[in-house]
Each structure stands twice: as structure tokens, then as C-alpha cells.
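Heads up: the structure comes next, in C-alpha cells.
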Amino acid sequence: MKLQHYLGGLEGIDSEPLNFEKRVFVEPWETRIFGIHVAMMGLSKHLNKALPQYPIESVPTKFKSIWTWADLRKGAEAMNPFDYFRFRYYEKWLGGISGFFVQSGYITQEELDARTVTYLEKTNTSLPRLSEPAIDDQVIDYLHRGDPAIREVNRQPKFNAGQKVLVKDVPTTDHTRLPGYLRNKTGIVDRVYEGAYAYLCSTGADGLGEPMYVYSIKFDPKDIWGEMAETNSWVYADLFEVYVEAA
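Using UniProt numbering, read the sequence shown as starting at 1 and increasing by one per residue.
Take a look at the structure:
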């Protein structure tokens, strides 16, 4: 959630009227890039440690990497902010996934560019059609069961409902789940969610990775936006424990 990825509380970003597109997919190719992303998640190497466990090692796939929603978000957040605002939703997906395959050595940039030219010049060129039942079964199994995030930890939550807490201003490198407009703001713990939650990947200096408790925290809008805030309202945010400290 870097600047270009999470705009809550910022003004003057848009120079043109916003287009609230209600269609899930605008172009046919967007369904394919969505399917590629889902297949990558269903074949991700980290699933051999997930609950319930998946037999990833026995699936005959050449995909040997870890891929989660967080990796997709990191790709989008790494974009130049001007490009981020210029491209549509699934265009960001396409750029992030393509960059990942190049960086991971599955394809070279030259091979990708050549394939792109081929399809641009001959738009009726048939797409590759390959089928491996074991891979298909694994992806379908993943869609049914998912990747449960709740884990067990041998400790109690640090904070209780009703407790006043301060949101930290943690360093951000590749990725963060802390909205920028809540940093250094004070709120009240409204709810402590049951169980500890493991995030999809380690975020380094940001502090996410290991299982931890998550809190629903209530903020007075005036503490965030001053006199411009709406009256008789509250702002609620679900935050990982590493992001807050006792006020």
C-alpha cells in the first residue's frame, strides 16, 4: 500500500472525473490474466506448508516459485506512480506478472517482446492450449480449499477491546498493509479477532510474516482529517498487531 496504491485521505490526486467501472472484466484477455494469477497461486511452492497441506511436490509443474496475492500487490506497488495511474486494473496485473516471470528466469525479456510482437501483428494467432490433468486438479482443489491464514500462537493478544493505541509509522520497502493516512494516529481497539493470522509473505522491515493477532481499531475522523471530517461517524480499520503500540 504505497502512495500510488492506497490513496485514502489524499486530496487533489485526480485531474479528471473518476470512472467507476462496474464490470468485473472489460476486455476478454482480462479473464485469461486472472486465470493465470489463480493458477500461479494454486501451484505456489509455499502451499506444501499450508493448512491443509497440498501435495505440491508431486504436481508435474515447471512453476517452482512462491506466488500469493501479496506478490501480485508488490508488483503493482513497484510500478512508477505515473504508469500506475495510467493503466487499468488488469493492465497492472499483466505488467506485474510479466515482470515476475522475467525476473524469475521463466522467460527472457527478448522472448517476451518477440511473442508480444507476434500477437500484435497477427491478432488471429491461436493461443497455446496445453493440458495436464494433475495440474488442473491441483488448481481446482486450491479454489475449493484456499490457503487458510489462521494459525495457533502460544501467547495472548497484547491489547484488549477498549484500549487506546497508537498506530506506528513503520518503514516501507516492497509492501505494507498499513494505510498511510493512519500512521501516527490514535484510536481505540474495538475488537480483537479470534486466532492469529499469518500474512502471505514477509515484508521485511515492515514487520509482517509471522502469525499475529489482528485488531479492529476505531478512529475519530477529526483526528485524521481535522475539521473537514464528517460528524457523527467513525473510521474502522483492521490492523496487524505489529502496526500498533500502547498509546
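Note that the Cβ used here is the ideal one computed from N, Cα and C, for glycine as well.
Just so you know, these numbers come straight off a predicted model, no measurement behind them.
query: Does the segment 213 to 225 come into contact with the segment 186 to 194, if we say contact requires no fewer than three beta-carbon pairs (one atom in each stretch) closer than 8 Å?; result: yes
query: Helix, strand or coil for MET228? Go by DSSP, reduced to three states.; result: helix
query: Taking 7 Å as the cut-off, decide whether the C-beta atoms of ILE127 and ALA247 are in contact.; result: Per the sequence shown, residue 127 should be read as Leu rather than Ile. No.
query: Give me the Cα-Cα distance between THR116 and LEU143, rounded to the nearest whole angstrom.; result: 30 Å
query: Mapping the DSSP letters down to three states, classify GLU186 as helix, strand or coil.; result: Per the sequence presented here, residue 186 reads as Thr, with Glu not at that position. It is a strand residue.
query: By how many angstroms is the C-alpha of ARG23 removed from the C-alpha of TYR89?; result: 12 Å
query: Quickly, what does DSSP pair residue 249 with across the bridge? List them, please.; result: Given a span of 1 to 247 for the chain in the structure shown, any question on residue 249 remains unanswerable.
query: Go through its chain and collect everything with a Cβ distance to SER44's Cβ below 6 Å, but skip five positions before and after it.; result: ILE66 and TRP67
query: Can you pull the DSSP bridge partners for LYS218?; result: ILE188 and TYR236
query: What are the boundary residues of the beta strand (DSSP E) that includes LYS164?; result: 164 to 167
query: What is the DSSP secondary structure of VAL38, reduced to helix, strand or coil?; result: helix
query: Grab me the residues of residue 320's own chain with a C-beta within less than 6 Å of its C-beta, minus the 5 sequence neighbours each way, in chain order.; result: Any answer about residue 320 is impossible in this case: the structure gives the chain only from 1 up to 247.
query: Taking contact to mean at least 3 C-beta pairs separated by less than 8 Å, is the segment 74 to 86 in contact with the segment 145 to 155?; result: no
query: Should LEU239 be labelled buried (16 or more other beta-carbon atoms within 10 Å of its own) or exposed?; result: buried
query: Would you mind reading off the limits of the beta strand (DSSP E) that contains VAL24?; result: No beta strand (DSSP E) holds VAL24; DSSP gives it neither H nor E.
query: So the alpha helix (DSSP H) ALA114 belongs to, where does it begin and stop?; result: 109 to 121
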